[in-house]
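Please read the structure below before turning to the comments.
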Amino acid sequence: MPLPPSSSASSAASPSASSSASARTYLVTGAASGIGKATADRLRAAGHTVIGADRTREADGVAIAADLATESGRAELASQARELTGGRLGAVIACAGLAHFVPATVRVNYFGAVATLETLRPLLAAGTAPRAVVVASVAAAHPADPAIVEASLAGDEEAAATAAQNALDRGEGHLIYGSSKTALARWVRRTAVTDDWAGAGIPLNAIGPGTVLTPMTEGMLADPDLRKVVDTSVPMPLNGHARPEQIAPLLTWLTSPENTHVTGQLLFVDGGAEALLHPTR
Numbered sequence: 002m003p004l005p006p007s008s009s010a011s012s013a014a015s016p017s018a019s020s021s022a023s024a025r026t027y028l029v030t031g032a033a034s035g036i037g038k039a040t041a042d043r044l045r046a047a048g049h050t051v052i053g054a055d056r057t058r059e060a061d062g063v064a065i066a067a068d069l070a071t072e073s074g075r076a077e078l079a080s081q082a083r084e085l086t087g088g089r090l091g092a093v094i095a096c097a098g099l100a101h102f103v104p105a106t107v108r109v110n111y112f113g114a115v116a117t118l119e120t121l122r123p124l125l126a127a128g129t130a131p132r133a134v135v136v137a138s139v140a141a142a143h144p145a146d147p148a149i150v151e152a153s154l155a156g157d158e159e160a161a162a163t164a165a166q167n168a169l170d171r172g173e174g175h176l177i178y179g180s181s182k183t184a185l186a187r188w189v190r191r192t193a194v195t196d197d198w199a200g201a202g203i204p205l206n207a208i209g210p211g212t213v214l215t216p217m218t219e220g221m222l223a224d225p226d227l228r229k230v231v232d233t234s235v236p237m238p239l240n241g242h243a244r245p246e247q248i249a250p251l252l253t254w255l256t257s258p259e260n261t262h263v264t265g266q267l268l269f270v271d272g273g274a275e276a277l278l279h280p281t282r
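First residue of the sequence shown? That's 2 in my numbering, and the numbers climb one at a time after it.
The following block contains the structure:
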């Protein structure tokens, strides 16, 4: 069933939608926890309608259950989004991701994210002041596995998954996550300036968080040895580790009507980690 008129995407298409204070309809993946939940909560508190998506509906605020590691899950996301919005969206914020040393990480982080943005683009194009952003990572600034990145950008999911398994087999499973985010950031830069996005008036960006205190990182940070590895690879001189609530404001601004010209960017929100690691880049 489409959303009722008082909170549907039709409100995002009203003349007043040009104001950043006007209610809009957002779809947020990874909405059950971490950055996705914090962003969805922030948007709802501002009066916007948020359609949350995650692997299950067990968490509050999740309307769509879809496994983005699978083609069927991606199709389910698109189908449910069309039904719930009546075919119009104000913005998409793709937060869903994995950080495991397994091929599924590439399937979710790259192919799931790209499918989310591509299949929901027509709903954005039908809306007013449409915007899209995806969560990449400061790991995109780290060394990557070229085979994973190249297969991903070529759209060959099975080859990318095989390359990830090969990395794991040779003891370089740590490259899988960063490679998936590197490919995603490059896809955003290539895609954002095309006719389907910039030409249609839809800004498309990525953000690169540093270490964020989420369920995805809590296991690593609880182990003193792993925490040392994390802090060495992602040094954050400005205020240390971030909370999800400190990342959400950037995502909400990038997808607001106020953002008229920022597109094709990977914006680091990492406490200075990328600048410290690559001061001459």
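Even glycine gets a Cβ: it sits at the ideal position worked out from N, Cα and C. The model shown is predicted, which means the values in this text are computed figures rather than measured ones.
query, result
"Rounded straight-line distance, which links the Cα of Thr-218 to that of Arg-212", "The amino acid at residue 212 is misidentified as Arg; the sequence shows Thr. Distance between the alpha carbons of Thr-212 and Thr-218: 8 angstroms."
"Beta-bridge partners of Arg-293, as assigned by DSSP", "The shown model of the chain, from 2 to 282, leaves out residue 293, and the question about it has no answer."
"Buried or exposed (CB count within 10 angstroms, at least 16 for buried), Ala-142", "buried"
"Close beta carbons around Gly-174, own chain, < 7 angstroms, minus the five adjacent residues each side", "Phe-102, Ala-168"
"When Ala-274, Thr-40, Ser-34, Gln-266 are compared against Trp-188, the one with the closest alpha-carbon", "Gln-266"
"Euclidean distance between Cα positions of Ala-95 and Val-135", "5 angstroms"
"Spatially closest choice to Ser-257 from Arg-190, Thr-57, Ile-203, by CA coordinates", "Ile-203"
"For Leu-28, three-class secondary structure by DSSP", "strand"
"Distance between Ile-65 and Leu-221 (C-alpha atoms, nearest Å)", "Going by the sequence as given, residue 221 is Met instead of Leu. The alpha-carbon atoms of Met-221 and Ile-65 are separated by roughly 29 angstroms."
"Three-pair Cβ contact test at 8 angstroms for the stretch 237-245 versus the stretch 155-165", "no"
"Residue range of the beta strand (DSSP E) that includes Asn-206", "205-210"
"heavy atom of the ligand FAD below 6 angstroms from His-279 C-beta", "Among the components modelled here there is no ligand, and therefore nothing to report on the ligand FAD."
"Alpha carbon of Leu-28 to alpha carbon of Thr-120, nearest angstrom", "12 angstroms"
"Backbone secondary structure at Phe-112 - three-state DSSP", "helix"
"Range of the contiguous beta strand (DSSP E) that encloses Gly-37", "Looking at the DSSP string, Gly-37 is not in any beta strand (DSSP E); the run it does join, the alpha helix (DSSP H), is 35-46."
"Gly-179 - containing beta strand (DSSP E), residue span", "Counting along the chain, Gly-179 falls outside any beta strand (DSSP E), though it belongs to the alpha helix (DSSP H) covering 176-193."
"Expected contact under 8 angstroms - CB spacing of Ala-67 and Leu-78 to nearest Å", "4 angstroms"
"Three-way DSSP call (helix, strand, coil) for Ala-54 in this model", "strand"
"Val-270, enclosing beta strand (DSSP E) - first and last residue", "267-270"
"Neighbourhood of Leu-251 by C-beta distance below 7 angstroms, restricted to the same chain and skipping five residues each side", "Ile-208, Leu-268, Val-270"
"Close Cβ partners of Ala-274 (< 7 angstroms) along its chain, the five nearest in sequence each way excluded", "Val-139, Gly-211, Val-235, Pro-236, Met-237"
"The alpha helix (DSSP H) enclosing Val-150, as first and last residue numbers", "147-154"
"Simplified DSSP state of Ala-66, which is helix, strand or coil", "strand"
"Element boundaries [alpha helix (DSSP H), containing Asn-167]", "158-170"
"Straight-line Cα distance separating Arg-43 from Thr-249", "First, the amino acid is wrong: residue 249 is Ala here, not Thr. Ala-249 and Arg-43: Cα-Cα distance of roughly 7 angstroms."
"Cα-Cα separation between Ala-133 and Thr-195, rounded to whole angstroms", "14 angstroms"
"Beta-bridge partners of Val-213, as assigned by DSSP", "Ala-243"
"Boundaries (first-last residue) of the alpha helix (DSSP H) holding Ala-231", "It is Val, not Ala, that sits at residue 231 in the sequence shown. Counting along the chain, the alpha helix (DSSP H) containing Val-231 begins and ends at 225-234."
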